[in-house]
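Participant: Numbered according to the working numbering, the sequence shown terminates at residue 358, and the numbering increases by one at each position without gaps. Ideal Cβ placement from N, Cα and C applies to all residues, glycine included.
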Amino acid sequence: MKWLCSLLLASAALVDPAATMVDGPYVVPGANRSLESWTVESDPGGIRKTVRRTSVGARISVAPVGDLPGFEVTLRAGAPVARAALTIAPAAPVFVVADTHGEFELLAKMLRAHRVIGPRLQWSFGKGQLVVLGDVFDRGPHHTEILWLLYELEQQARTAGGAVHLVLGNHETMVMRGDLRYLNPKYPASAQTLAVDSYARLFAPDTVLGQWLRSRPALLRLNRALFVHGGISPDVVARKLTLADINASIRGVLAGSTGGDVVSLERAELLMGPLGPLWYRGYFAGHEDFPTASTADVTRMLAAFQADRIFVGHTTVPTITRLHEGRVIAVQVYPKREPDGVQFEALLIRGGKLLRARFDGGTEPI
Ligand SMILES: [Mn+2]
């Protein structure tokens, strides 16, 4: 009985409800074109909102989580719209992570294990490219930290000659559009403490992260590799749109303007719906709501977008898997803690080879 009591005490000490309530910062417009950094902080008096004046060029602090250190973020002026297709040095390694759903600790430790970032969470991947396949939001308790980490690493990577590419997932667009059903319960509580009518207000187009997210692509091509959260369906291919057209339509929806005419409205409906790139699951057999694409459909899609291969998240697989003769790579192994360790995989493309990146830092061919 004694061991049970101490076990219970130990686990109670690990879960400090006040610590899990720490959140932010959220950087929102203040008076006279200034910025304000809002955080949820806890002290013996309770949970409260703290407001600090800040500005472009200033640094804000993100609090430590678990045994990870806190880090600083330099605020930048509004991000330009990301390009849909980029040429990168063929020798540059590419590290791909799929949906992390608020699991900041698992993401940061995975990146650290593969030296994409260093002990202080700083960029250490040189001219490498980090691709995040969307769905940073929802379910887990630390999406704010993930967003700031990626935002900060983007600039550090650029300085080093590398890059960070956040591709949008359906959960990014859901939160930005006010669909808050899957938020970790921590976040509605944050909205209440911060006195906003909806959590989505903290990611409105006039906030730093809201603007940055709206500048990110839904479809990205690096050389001849496509990176998309869900996938590109034959229905989307049939529209004969370019990658840039598709990104622009989705950006229009997120900005609250779809063009107004019937063609743009109908296009927006397709792109934001189940057969659009954020939700599609047709590369995988056995998803009732999605007609299964054939390998010929996949080949046609890749030809239409001048690509050889597509990397997708969104649909969970037990281990990173080649589909459709290796033209589709399913990357989404849901990150979670299991009794026998952490279940999580990422993908490393090095010298043209695909490697499974394990949580312990090891790699193996896929
Ligand atoms: Mn998803």
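(1) Comparing alpha-carbon positions, which option in Glu64, Ala181, Lys119, Arg206 lies nearest leucine 141?
(2) Using a strict less-than 5 Å threshold between each residue's beta carbon and the heavy atoms of ligand 1, what residues do you get?
(3) Within its chain, find whatever has a CB closer than 8 Å to the CB of leucine 347; leave out the 5 residues flanking it on each side and keep chain order.
(4) Return the chain-ordered list of same chain residues with a C-beta closer than 7 Å to the C-beta of glycine 132, the five sequence neighbours on each side being excluded.
(5) Would you call the region 232 to 239 and the region 203 to 211 touching, i.e. three or more CB-CB distances under 8 Å?
(6) Can we count arginine 193 as close to ligand 3, meaning its CB is less than 7 Å from some heavy atom?
(7) In three-state DSSP terms, what is arginine 273?
(8) Would you call the region 43 to 53 in contact with the region 75 to 89, where contact means no fewer than 3 C-beta pairs closer than 8 Å?
(9) How many Å lie between aspartate 332 and tyrosine 326 at the Cα?
(10) In or out: valine 254 buried (at least 16 other Cβ within 10 Å) or exposed?
(11) Write down the C-beta distance between glycine 154 and glycine 120 rounded to the nearest angstrom, noting that I regard them as a contact closer than 8 Å.
(12) Have a look at Tyr191, Ala152, Val156 and flag the residue whose alpha-carbon is nearest the alpha-carbon of leucine 172.
(13) How long is the line joining the alpha carbons of alanine 69 and valine 48, rounded to whole angstroms?
(14) Roughly how many angstroms lie between the CA atoms of lysine -6 and glutamate 337, to the nearest whole one?
(15) In three-state terms, what does DSSP make of valine 167?
(16) Between the Cα of proline 368 and those of Phe195, Phe117, Gln147, spot the shortest distance and give me the residue it belongs to.
(17) Measure the C-alpha to C-alpha separation of arginine 40 and glycine 126 and round it to an integer number of angstroms.
(18) Measuring only between beta-carbons, confirm whether isoleucine 138 sits less than 8 Å from chain C.
(19) What are the start and end residues of the alpha helix (DSSP H) that includes histidine 135?
Facilitator: Working from what's here:
(1) Start at 1 with the first residue of the sequence shown, and residue 141 comes out as number 149. For leucine 141, the closest alpha carbon among the candidates Glu64, Ala181, Lys119, Arg206 is that of Glu64.
(2) Matched residues: Asp127, Gly161, Asn162, His306.
(3) Along the sequence shown, one-based indexing puts residue 347 at 355. Cβ contact annotation for leucine 347 (same chain, cutoff 8 Å, sequence separation greater than five): Leu339, Leu340, Ile341, Thr355, Glu356, Pro357, Ile358, in chain order.
(4) Counted from its first residue, the sequence shown places residue 132 at position 140. Once the five neighbours on either side are set aside, the close Cβ partners of glycine 132 are His93, Gly94, Glu95, Asn176.
(5) Segments in contact, yes.
(6) Among the ligands present in this structure, namely ligand 1, ligand 3 is not found.
(7) Numbered from its first residue, the sequence shown carries residue 273 at position 281. Reduced to three states, the DSSP call for arginine 273 is coil.
(8) The region 75 to 89 and the region 43 to 53 do not touch, with fewer than three beta-carbon pairs separated by less than 8 Å.
(9) Locating residue 332 in the sequence shown gives position 340, where the first residue counts as 1. Locating residue 326 in the sequence shown gives position 334, where the first residue counts as 1. Rounded to whole angstroms, aspartate 332 to tyrosine 326 spans 15 Å at the Cα level.
(10) One-based indexing of the sequence shown puts residue 254 at position 262. The residue is exposed, with fewer than 16 neighbouring Cβ atoms inside 10 Å.
(11) Counted from its first residue, the sequence shown places residue 154 at position 162. Counted from its first residue, the sequence shown places residue 120 at position 128. That pair is a contact at about 5 Å.
(12) Mapped onto the sequence shown, residue 172 falls at position 180. Nearest of Tyr191, Ala152, Val156 to leucine 172, Cα basis: Tyr191.
(13) In the sequence shown, counting from the first residue as 1, residue 69 sits at position 77. In the sequence shown, counting from the first residue as 1, residue 48 sits at position 56. Cα to Cα, the separation comes out at about 6 Å.
(14) For the purposes of this step, residue -6 is taken as residue 2 along the sequence shown, with counting starting at 1. For the purposes of this step, residue 337 is taken as residue 345 along the sequence shown, with counting starting at 1. Only weak support is given to the placement of lysine -6: the predicted model assigns it a pLDDT of 42, under 50, and the value that follows is read from those uncertain coordinates. C-alpha separation (whole angstroms): 38 Å.
(15) Position 175 of the sequence shown, counted from the first residue, corresponds to residue 167. DSSP places valine 167 in helix when its eight states are reduced to three.
(16) Absent from the model: residue 368. The displayed extent of the chain is -7 to 358, so no value can be given.
(17) Counting from 1 along the sequence shown, the entry for residue 40 is found at position 48. Counting from 1 along the sequence shown, the entry for residue 126 is found at position 134. Going from the Cα of arginine 40 to the Cα of glycine 126 covers about 31 Å.
(18) Looking at the structure shown, chain C is missing, and only one protein chain is on hand.
(19) Position 143 of the sequence shown, counted from the start, is the residue given in the question as residue 135. Counted as a single uninterrupted DSSP element, the alpha helix (DSSP H) harbouring histidine 135 occupies residues 135 to 152.
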